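Heads up, the sequence shown is in this note's numbering, so the first residue is 207 and it goes up one at a time. Quick reminder that beta carbons are idealized off the backbone N, C-alpha and C, glycines included. Being a predicted model, the structure only gives us computed values, none of them experimental.
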Amino acid sequence: MKSKGLLFVISGPSGVGKGSVCAKLLAEESNLRLSVSDTTRAPREGEKNGIDYSFITKEQFLTNVKNDAYLEWAEVYGNFYGTPKEAVERNIQTGTDTLLEIDTQGASLIKEKRPDGIFIFIAPPDYSTLESRLRGRNTDSEETILKRLKQFEEEIRRMPMYDYVVVNDDLDGAAAKVRAIIVGEHQRFANTTVFADLFSEDDKL
Ligand code: ADP
Ligand code: 5GP
């Protein structure tokens, strides 16, 4: 019997390295798929439509909101971002682990709707490292960088709702820790299919 996929929610401050950690995980874990969010922000150099994000107009985004197409959505730094509901549910039902890389407000909303999700906060070693990563990425204007840094304290205050905290000091080390979390979560009794015929779903609660 094939088990359902697990839902992993990765968030943390902008520039902490969420995208970098997720890229490593996706390259190494064959049963893990990224949920591609919709966004109204313009693509950055090198970003591909349908792979990094689905880049859509504000009008289309608001129509999707009206049609209840998002598991959660949020306005982040002046742009809209949303997690398409259908793709996430389809992955999970077909046994594929699903990775959401979203901001901390989005993670709070997912926690209400999907308490079975596994919530991982990626933290910087310190504030100045975060600042230098955001600047070093060279993708955002000074105004955008300052907007993103201003959110830091609020994001840190949301840390207690997460199941795990991984400090992204060394990228390989941080990705290895998240991979260990994925492996560990699959060994939980609630997620096992070993001798499944002996147990009902209620036994697993
Ligand atoms: P986020 O997705 O959280 O906004 P990114 O993955 O875009 O962050 O990373 C921001 C910048 O920091 C990028 O230039 C990336 O190459 C760099 N970076 C990520 N992780 C590390 C790390 N552990 N050490 C040094 N630089 C890193
Ligand atoms: P960026 O513009 O740097 O790609 O993303 C800005 C922020 O939006 C990041 O913190 C990123 O994780 C978050 N984000 C990306 N997709 C979604 C989404 O679907 N929902 C929410 N709430 N946040 C998202």
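Query	Result
By how many angstroms is the C-alpha of Ser241 removed from the C-alpha of Gly301?	14 Å
Asn285 lies in the beta strand (DSSP E); which residues open and close that run?	Asn285 to Pro290
Relative to the alpha-carbon of Tyr287, which residue among Lys410, Lys264 and Glu348 has its alpha-carbon at the smallest distance?	Lys264
Between which two residues does the beta strand (DSSP E) holding Ile308 run?	First-last for Ile308: undefined, no H or E at that position.
Give the secondary structure of Ile262 by DSSP, where H, G and I count as helix, E and B as strand, and everything else as coil.	coil
Thr350 and Tyr283 - do their beta-carbons sit closer together than 8 Å?	yes
So does the segment 231-239 actually touch the segment 264-281, counting three or more Cβ pairs closer than 8 Å?	no
Let me know if Phe395 comes out buried or exposed under the rule of 16 or more other beta-carbons within 10 Å of its beta-carbon.	exposed
Out of Asn344, Gly312, Lys210 and Leu404, point me to the one whose CA is closest to Gly218's CA.	Gly312
Taking the continuous alpha helix (DSSP H) assigned at Val242, which residues delimit it?	Careful: Val242 lies outside any alpha helix (DSSP H) and carries neither H nor E.
Leaving out five residues on either side along the sequence, give the residues of the same chain with a beta carbon under 8 Å from the beta carbon of Val222.	Ile328, Ala329, Pro330, Leu336, Arg339 and Asn374
Would you call the CB atoms of Lys210 and Ile298 closer than 8 Å?	yes
Taking DSSP as the reference, what is the three-state secondary structure of Glu318?	helix
Thinking C-alpha only, which one of Pro249, Leu306 and Pro366 is nearest Ser243?	Leu306
Any chance you could list the beta strand (DSSP E) runs of at least 3 consecutive residues sitting entirely within the segment 334-382, in chain order?	370-373
Which first and last residues belong to the alpha helix (DSSP H) in which Ala229 is found?	Lys224 to Glu234
Should Val222 be listed as close to ligand 1, given that the test is whether its C-beta is under 7 Å from any heavy atom?	yes
Taking DSSP's pairing of strands, which residues face Ser406 in a bridge?	Note: Ser406 sits in no beta bridge, so no partner.
What does the Cβ neighbour count give for Lys368, buried or exposed, with the cut at 16 atoms within 10 Å?	A small correction: the amino acid at residue 368 is Tyr; Lys does not occupy that position in the sequence shown. By the 10 Å Cβ count, Tyr368 comes out buried.
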